[in-house]
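Chain order of the listed sequences is A and B. If you read the first sequence in our numbering, its first letter stands for residue 17, the second for the next number, and so on. If you read the second sequence in our numbering, its first letter stands for residue 1158, the second for the next number, and so on. We treat Cβ as the ideally placed atom computed from N, Cα and C, and that holds for glycine. These figures come from a predicted structure and were not determined experimentally. Only one structure is covered here, and it is reproduced in the block below.
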Amino acid sequence: MNAKLTLNSIAKSFGDNQVLRDISLTIETGEVVSFIGASGSGKTTLLRCINLLETVDNGSILLDNTEITAVGLDPNPIRRRIGIVFQSFNLFPHMSIRRNVTLALTEVLGMSVDAANETASSLLARFGLSEKIDSYPDRLSGGQQQRVAIARALALNPEVLLLDEITSALDPELVGEVLDVVRELKGSGITLLLATHEMGFAREISDRVCFLAEGVVAEMGQPEQIFSHPSDPRTQQFLQRVIAAGRLRG
Amino acid sequence: MPRWDRVKKSFFDWERLTDSFPHLLHAFVLDIKIFAWTTPCILIVAVLIAIARSTRAPALFPVRIFVIAYTDIMRGVPVILWIYLVGFGVPGIGLERPWNSPLIWGSVALGMTYSAYVAEVFRAGIESVHESQRAAARSLGLSSSQTMRHVILPQAIRRVVPPLMNDMVSLQKDVALVSLIGPIEILRQAGIDKAKFANFTPFVGAALIFLAITIPLTRFTDWLLTRERDRTGASKVR
Ligand SMILES: Nc1ncnc2c1ncn2[C@@H]1O[C@H](COP(=O)(O)OP(=O)(O)OP(=O)(O)O)[C@@H](O)[C@H]1O
Ligand SMILES: [Mg+2]
């Protein structure tokens, strides 16, 4: 077994609100795992903890069997290995698309401007964004912006990419192009964790699906099992509501 | 009842105006000099104060307390009082020439108070940058100072240019306060001419010179504000 990421009894509260109670799971290298659950169930919080944007109250997170939640550890080198894309407000509005992608390359990795520009050009070309390289983010559609955000995260060659509801702020007709990018990433060796309300997509792309409820992993397994034969009553209830809302075919 | 011809003679005497105008313009050069050397100092100190206030590291708590106290004290006392206190007080403690010049210390007093006001403007700008911009930068592995320098500060400064210009217009006028502790700048020159001619027209002349600078600056600021509003308004709709 080749564990990329291991979570041991993660707990996280905001004041009195205990969002994560006891989350334990292991994710393999190259695996695609979707986190689903009701709004407020802690999907975003969990991803932010993995990226060290939040500090866990309890438990530990291991990346390649090395604890990254240890106190006093410099988070910056770890963040380079774990990329994250948020729902919105990802791009830096005062920088061109090119600079958005190269910023971390030149400032964090110390790459030369030429080398960084080359990396940016080839990544953006791969996602069909070559024409936009000198534009500013507010000149791009939401879908294009999210593709740039993914390209920017990938520029650092992360081993793990966290995608937090990257399509939920988008108009429906723009969702497809962003999901295509994610499809393309699958199988490239990168480990993908996504929080999503796109159940159809989660079902299609995931190796495993993780259902969060009440601060714990209520159920985790292959998409077929979670979506067609959920065993936990909370999962069943959640999926019924999702189907009723028309977000998944029953 | 004041009569119009008396008013006219006392405030709008054309001959007195043309007599004093060259002196006034000449003295105004000092106002511009004070403005020119205080402005960059104010901007730099203000940005540093604003950054210090926006730090989050627990270890920097004493620094935050210090800058909060500084801005509160500077803004809580009239500018003129600082100018008297520092401009008269510091040269009075027995410094050697040229360090005993009220001109220098008056400018320092002006710079100290204005840096506190301008720091608040920068701070408002820094706080107006959405938290997820910081998260996005940190998630790319940028340190907190790199995040401030490349991501937060450039956006903050862009947003505060219009209010900053307002403060610069005020500063341009408040430079005249330094005259109260001695230096012969335009307001003091106008006072001298007024005494000489026993006529208020030189003050009107000084007012005109200020207006020639401040009105274009104010209009420019308004234009910047409108442009900024149009720009952000447009992106909100989208
Ligand atoms: N910085 C914060 N401070 C206080 N409470 C927070 C903070 N971030 C999240 N929370 C709370 O934590 C809970 C979980 O939030 P989280 O964003 O992780 O849920 P989610 O599963 O991502 O929901 P959604 O599907 O709506 O995105 C919510 O009750 C939220 O109010
Ligand atoms: Mg969320």
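Euclidean distance between Cα positions of residue i and residue j
i, j, result
"residue 164 (chain A)", "residue 145 (chain A)", "8 Å"
"residue 1311 (chain B)", "residue 187 (chain A)", "30 Å"
"residue 1360 (chain B)", "residue 1331 (chain B)", "16 Å"
"residue 175 (chain A)", "residue 120 (chain A)", "16 Å"
"residue 194 (chain A)", "residue 182 (chain A)", "8 Å"
"residue 1262 (chain B)", "residue 1233 (chain B)", "19 Å"
"residue 1350 (chain B)", "residue 1249 (chain B)", "29 Å"
"residue 1318 (chain B)", "residue 1183 (chain B)", "30 Å"
"residue 1202 (chain B)", "residue 1171 (chain B)", "44 Å"
"residue 25 (chain A)", "residue 234 (chain A)", "14 Å"
"residue 1383 (chain B)", "residue 257 (chain A)", "47 Å"
"residue 185 (chain A)", "residue 158 (chain A)", "8 Å"
"residue 128 (chain A)", "residue 122 (chain A)", "6 Å"
"residue 1275 (chain B)", "residue 1362 (chain B)", "30 Å"
"residue 167 (chain A)", "residue 139 (chain A)", "6 Å"
Chain B within 8 Å of residue i, Cβ atoms only
i, result
"residue 35 (chain A)", "no"
"residue 177 (chain A)", "no"
"residue 100 (chain A)", "yes"
"residue 163 (chain A)", "no"
"residue 95 (chain A)", "yes"
"residue 191 (chain A)", "no"
"residue 188 (chain A)", "no"
"residue 110 (chain A)", "yes"
"residue 120 (chain A)", "yes"
"residue 124 (chain A)", "yes"
"residue 252 (chain A)", "no"
"residue 20 (chain A)", "no"
"residue 24 (chain A)", "no"
Coarse secondary structure for residue i, derived from DSSP in three states
i, result
"residue 1332 (chain B)", "helix"
"residue 37 (chain A)", "strand"
"residue 236 (chain A)", "strand"
"residue 28 (chain A)", "strand"
"residue 171 (chain A)", "helix"
"residue 92 (chain A)", "helix"
"residue 252 (chain A)", "helix"
"residue 202 (chain A)", "coil"
"residue 82 (chain A)", "strand"
"residue 42 (chain A)", "strand"
"residue 149 (chain A)", "coil"
"residue 1250 (chain B)", "coil"
"residue 262 (chain A)", "coil"
"residue 1237 (chain B)", "helix"
"residue 101 (chain A)", "strand"
"residue 141 (chain A)", "helix"
"residue 1214 (chain B)", "coil"
"residue 1207 (chain B)", "helix"
Buried versus exposed, by CB contacts within 10 Å (16 or more), residue i
i, result
"residue 1222 (chain B)", "exposed"
"residue 1298 (chain B)", "buried"
"residue 1365 (chain B)", "exposed"
"residue 1218 (chain B)", "exposed"
"residue 1380 (chain B)", "exposed"
"residue 267 (chain A)", "Since the first and last residues shown for chain A are 17 and 266, residue 267 (chain A) lies out of range."
"residue 153 (chain A)", "buried"
"residue 1194 (chain B)", "exposed"
"residue 1165 (chain B)", "exposed"
"residue 245 (chain A)", "exposed"
"residue 1377 (chain B)", "exposed"
"residue 16 (chain A)", "Here chain A covers residues 17 to 266 and nothing more, so residue 16 (chain A) does not appear."
"residue 1286 (chain B)", "buried"
"residue 1239 (chain B)", "buried"
"residue 1191 (chain B)", "buried"
CB contact check: residue i to chain A, cutoff 8 Å
i, result
"residue 1315 (chain B)", "yes"
"residue 1298 (chain B)", "yes"
"residue 1346 (chain B)", "no"
"residue 1402 (chain B)", "Any question about residue 1402 (chain B) goes unanswered here, given that chain B covers just 1158 to 1395."
"residue 1332 (chain B)", "no"
"residue 1319 (chain B)", "no"
"residue 1293 (chain B)", "yes"
"residue 1394 (chain B)", "For residue 1394 (chain B), the pLDDT reaches just 42, beneath the cut-off of 50, and the residue's location in the model is therefore unreliable, although a value from the coordinates is still provided. No, no contact with chain A."
"residue 1183 (chain B)", "no"
Those residues which DSSP pairs with residue i across a bridge
i, result
"residue 1356 (chain B)", "Answer is none; residue 1356 (chain B) lacks a bridge partner."
"residue 49 (chain A)", "A:209 and A:224"
"residue 76 (chain A)", "A:24"
"residue 180 (chain A)", "A:211"
Within chain D, partners of residue i - CB distance below 8 Å
i, result
"residue 1290 (chain B)", "The chain inventory of the structure shown lacks chain D, comprising the protein chains A and B."
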